[in-house]
Structures are given as C-alpha cells and as structure tokens.
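Enquirer: If you scroll down you'll find the structure; I have some questions about it.
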C-alpha cells in the first residue's frame, strides 16, 4: 500500500488534461483513474498506469480514490456532478457561476455533510486566488478600494460570441487591461472605473471569403453586453494565422487594493498572474487544494469549503515545522 | 457589555502608534489599553478612551482584554514578552528573526497551550504576507523558482550602519530592487540571482562639516555585509534635506514565483506591496490577525500559530455567507 494521495479526475477536456500534468509534479500524489461520459475506449490517453473509465463506474472506486477532481463546466456539469460526487468522495471543483455560488455551496455542503466527505468548491484563480486576495487585502486595509483587472487573456465566452457573427469563419478575443487605468489605480487616487474603463477587447477574426468585412466589424463592435460598452479592436487574419498564432490559452490579471492608513498614507497591495496556459494553471490550483481536502477530511472537517476556509499550510506537502523554518 | 473585540497594545513605538490607527478602522474592535515600560504619565497619547499603563499591570487586565498586540522588537523585547503574554492573553506579534523562528514558536506554543490561549507569531509582511505567498505559489507551481525582492524602501538596519561611520551626522539607506533583475525573473528564464544582484543600495548622508566626504563614501561602500557586495550609491545632503525628504518610512517589495506546467508553459505568480508607511501597514496586518486569534481561540484552537495556520476567512469581520456571496 502506497502512502500517496490517490486522485481521480472527472472529465477529460482542457482542465482534465491540465490536471493530469499537474499531478505529475506532486511526489505525494498518484492519479488512479479518469472518468468520462464518452466511451472510454475512444479516448487516447497515453498514461500507462491510469485507468480510463465511464463515469457511471465511479461509485465502485469509493474506497480506491481519496480525492476526486471535478473538471467539468459550471453551466452544464457541476450543478449535478458536484453534489453527486460529494456523496461518494472528497471533491474539488472550479464552479465559477458567481451569482449561484451560495446555492451551489448549500447543495454540495448538504451532500458532503451526509457522507462525511470534504468538498472544496470554486477553486481556481477567479474564483479562487483572486477571491483570496480580495478578502485578505480588504481585511488588512479596511479603508480603500479593490480593483480586479483581467487579461491579457483569451476569453472563451467572447470568442464564442464572435464566431456566431454572420460571415465569420473563426476568431478569438483577448481581454486587455488598460494600462492607464492600472497606473491610475496604483497611484492611490481610488478612481471609479466601469469594466469598460478597465479593459479593451481585441479580436482576431477570419472572415468568409468575399463577405463584407466592414459589416462584420460593425456587427461585432455593436454587440450588446459583449462589445458595445468597450473599446473594441477588430483585426482580420487568415485561417492559417489564427491556427499559428492564436491556439494557446493565455490569461491572467491583477487584484489591486489601494488603501489609506494613519493620516494620509497610501498603501498598495497587488496580486497578479501572467499565465501561458489558463487551464494548466487552474488545474495546478485544483491539485494543491486536493491535497488540502484530503487532509481536512482526515481531521474530520466534513462539508463544503471554499478557499476562504482553508489554512494555506494545508496546500503544501511539507510539514508545518519545515514550512516555519524554510518559508516563514 | 459591548460585543466588540477588546484589544490591548504592548509598546508605544512606530508599530504601536500604527496599531492605534489600524484599530480605528475596524468597527468590530475597541482599543482598551496601551502598556509601556516607560512611565505612563510621560507619554502623550491623545486617545481619550484608552488607558495608558505600565507594563507591569498587564496581568490585571487578563479578563478585560481579548487580544494583546505585541509591538516590541524581535531582538530585545519579544523573546521575553512573547511567552510571558501568551500565558495571559491571546497574542499577535511580528517576530522577524528568521533563524530563530522555530525556537521562538516552540516557547510561545508551550506557554499558550498551558494557558489555553492562541498566539499568532511572526505576523506582518515579511515574515507574514510574503511568506504566505511564497508557500502558496510553491505549492501551486512545484516546478519553478521563487524570488523575493525588497524595496524600494527604507532599511532601518542599514541606516543605522551608515550613522555609525566616522564623520556622519545623519543618514538613511533605501534598498532598491534592480529593474533588470525583476524583468529577467518575469520573463520566465529562472535566473540564479544573489541578493546583491537583485538590489542596490542608495544612501543619503549628512556629513560633519569639513569632514572628508570621499573618505565617508569609501567607508560606506566597503563596509562588509552591509554594502560591500552591493552596487551602492552615496549622496551627500544637508540636515534640512534629510528631515524634509527622508523622514517617512516607505517600503515594499515583490514575491515572484516563476513556474512551468505541461510541456513548456511559463506561469508567473506575483505579489507586491508599495507602502507609504511600513509600520502602519505592518500594524494593519497585525490587527487583522488579532481578529483571527480571537476567533480561533473561541473555537478552542489554543497554542502558537503562524500565518500558515490561519484560514483567510478568519481575517474578515464579515460572515462566511457574506464572503462567499460578495468576494468569492
């Protein structure tokens, strides 16, 4: 019997693949199985020691897996999978439908309390590390303002919106924080800024041959919610250029707290991410919190948790003594 | 009986004064008393509802104070005050002698376990928030390097060293991170950098009238440990300029983790501080952790803790429900 933390993955998309890679960097963990809704034999997963199984057989692995990492989407998968798996396993997920987090927390909490398991929900970078930094910065500097900027990064939702425009064959959209807004925030003047005053939108679009590009540009720039309120730039490129230069999934952003203490001293706390691969980074956060869920459960702390409830020491494979000596 | 958390302060230096200001920003806290080793009647503290008392009377306040914030120094005060006050109160301190943290933790832990109190040690920004970010970033990106840069900021130790040089009447030293080193780190190449390759030292010195400035400059630049291994700049100024332009205590710095995931994707996590007032900011961190110590103790979690052991939610006066709804 190994002492490794035995991990399972539900879902084999970008996030699931990133999770496989992240587990390989953790000497205290072992990936046991990947569960999919597709026919397992049709997945080409080149991991000799990992089983690939249909999601319906997960229950049989109740005693063989310590933590299940749920890599499905918030809209379609997690509302069902979250509470279902919390009845069987300690779980981690990246539920990110902000408005529905209280409701999701409640159903997962009930399931996990009943099973005696520990489920950490809404893990990743936003929600996740950004949330943590918003909370800590506001607690330390109660008088002040918090600003979240996203990007430069590829937005999946906005890219999908572009691809639905008539005459568009393919395209991507990058959310780009506006430098002047960041500088203003860092100067300590605490400006009021709308999302559109903090970000611009840069699109790379492949048009149908012969289609009126001016019309496409107009249709994108005036699209309500997605683009109308933003400084939007539309660039037309070839299908080859799209594939060559825009198939990575970079992202990142900033959380900046600008506060005042004493008479009139400006204090700036900033947390930022600059990520070549958004799904691989999110997966790395999930895996660190999987370690925490396993440990919290060993201590009998059952129920749903968020990043706010997890002491940072639980994320590290090192002992508390080593952490105090080496990292404090 | 108010429901406010009743706080005491030990020590009335820069940190103690910053703590008074920080408590004023917390609607859930009340400053009860300041304890000093000096004659209390000689301190001019303009806080009508706060008692100013000799440190020897602290024990009488055992049932009147929920958390005691220790604002003394690591070298001279905390080795005795830490365990002494942990026997009587929940405590917070900013013990920062890195090499002796394990030993200090152990004596405070024993005292706090015996009294059933909760003591969070080594709170502030380094050790403290920087440590937390080193730990989290390394846990999330196990393959990579962590870099800590300090500054731009006034270093008390180096300023003291300058003032001990013959012919020097007054002076300050700023530690300045080297931009090229920061850029190199952020590019993801993971360079090996000594402290001297990451920082330069900029001194502003008031010389004795008629004293040989070239000799002073030479004495500073060749001083072992403090300056010899650094790119050091010495500027001579007048006593008036020193007072006018260099009597604030700014500081800050960066913790940058440069990691790799998957095939070869660079992932950068950065945490930075830009502080007009180092002691006021440190005090603000102490006060947020005082709230955490009070709550952890209410839950029966006695003994010594560090920032690694405290779930972030404990720092906020808001309820867990509100935090999930508003900040996650």
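Residue numbers (the numbering used here), protein chains in the order written: chain A, 1 to 328; chain B, 329 to 656. Think of the CB as a built atom: it goes at the ideal place given N, C-alpha and C, for glycine as much as any other residue.
(1) Check whether the Cβ of residue 571(B) lies closer than 9 angstroms to any Cβ atom in chain A.
(2) Classify residue 276(A) as buried or exposed, calling it buried when 16 or more other Cβ atoms lie within 10 Å of its own Cβ.
(3) Determine which residues share a DSSP beta bridge with residue 396(B) and list them.
(4) In the DSSP assignment, the alpha helix (DSSP H) including residue 114(A) goes from what residue to what residue?
(5) Residues of chain A with CB under 7 angstroms from residue 464(B), in chain order?
(6) Between the segment 274-286 of chain A and chain B, which residues of the former have CB atoms less than 8 angstroms from a CB of the latter, in chain order?
(7) Name the residues in the segment 476-506 of chain B whose C-beta lies less than 8 angstroms from a C-beta of chain A; which are they?
(8) Taking a contact to mean a Cβ-Cβ separation below 9 angstroms, would you say residue 454(B) touches residue 405(B) in this structure?
(9) By alpha-carbon positions, which one of 301(A), 42(A), 270(A), 152(A) ends up nearest to residue 248(A)?
(10) Given a limit of 7 angstroms on CB to CB distance, which residues of the segment 373-405 of chain B reach chain A?
(11) Would you call the CB atoms of residue 327(A) and residue 318(A) closer than 9 angstroms?
(12) Rounded to whole angstroms, how far is the Cβ of residue 584(B) from the Cβ of residue 512(B), which I believe are closer than 8 angstroms?
(13) Since residue 325(A) is in the alpha helix (DSSP H), which residue starts that stretch and which ends it?
(14) By the three-class DSSP mapping on this structure, what secondary structure does residue 489(B) have?
(15) Does the beta carbon of residue 140(A) sit closer than 9 angstroms to a beta carbon anywhere in chain B?
(16) Excluding sequence positions up to five away, which residues of its chain have a Cβ less than 7 angstroms from the Cβ of residue 456(B)?
(17) Fully enclosed by the segment 522-555 of chain B, which alpha helix (DSSP H) runs are 4 residues long or longer?
(18) Between residue 181(A) and the rest of its own chain, which residues show a CB-CB distance below 7 angstroms, the 5 nearest in sequence each way excluded?
(19) Would you call the segment 329-338 of chain B in contact with the segment 464-482 of chain B, where contact means no fewer than 3 C-beta pairs closer than 8 angstroms?
(20) Please classify residue 385(B) as buried or exposed, where buried requires at least 16 neighbouring CB atoms within 10 angstroms.
(21) Roughly how many angstroms lie between the CA atoms of residue 232(A) and residue 250(A), to the nearest whole one?
(22) Exposed or buried, residue 382(B), counting other C-beta atoms within 10 Å across all chains shown (16 or more means buried)?
(23) Considering just the uninterrupted stretch of the alpha helix (DSSP H) at residue 630(B), what are its terminal residues?
(24) Which chain B residues sit within Cβ distance under 7 angstroms of residue 265(A)?
(25) Tell me which same chain residues have a C-beta within less than 8 angstroms of the C-beta of residue 390(B), skipping the five on either side of it?
(26) Specify whether the segment 204-211 of chain A and the segment 163-170 of chain A touch according to this definition: at least 3 beta carbon pairs, one from each stretch, less than 8 angstroms apart.
(27) With DSSP collapsed to three states, give me the class of residue 583(B).
(28) So within the segment 584-614 of chain B, which uninterrupted beta strand (DSSP E) runs reach at least 3 residues, ignoring any that extend past its ends?
(29) Is it buried or exposed, residue 400(B), if we count other Cβ atoms within 10 angstroms and call 16 or more buried?
(30) What do you get for residue 372(B), buried or exposed, if any count of 16 or more other CB atoms within 10 angstroms of its CB means buried?
(31) Within the chosen definition, does the segment 615-625 of chain B reach the segment 351-359 of chain B through at least 3 CB pairs nearer than 8 angstroms?
(32) Of all the CB atoms in chain A, is at least one closer than 9 angstroms to the CB of residue 652(B)?
(33) If I measure Cβ to Cβ from residue 295(A) and keep anything under 7 angstroms in the same chain, skipping five residues before and after, which residues do I get?
(34) Among the residues of its own chain, which have a CB less than 6 angstroms from the CB of residue 448(B), if the five just before and after it don't count?
(35) Assuming residue 185(A) is part of the alpha helix (DSSP H), what are its boundary residues?
(36) Does residue 295(A) get closer than 9 angstroms to chain B when you measure Cβ to Cβ?
Expert: This is what the structure holds:
(1) no
(2) buried
(3) 336(B), 419(B)
(4) 101-115
(5) 312, 315
(6) 274, 275, 276, 277, 280, 281, 283, 284, 285
(7) none
(8) no
(9) 152(A)
(10) none
(11) yes
(12) That pair is no contact at about 10 angstroms.
(13) 320-326
(14) helix
(15) yes
(16) 450, 613, 635
(17) 523-526, 541-549
(18) 193, 197, 198
(19) no
(20) exposed
(21) 19 angstroms
(22) exposed
(23) Element bounds for residue 630(B): n/a, residue is neither H nor E.
(24) 604, 605, 608
(25) 416, 417
(26) yes
(27) strand
(28) 593-603
(29) buried
(30) exposed
(31) yes
(32) yes
(33) 314
(34) 420, 617, 621, 633
(35) 179-186
(36) no
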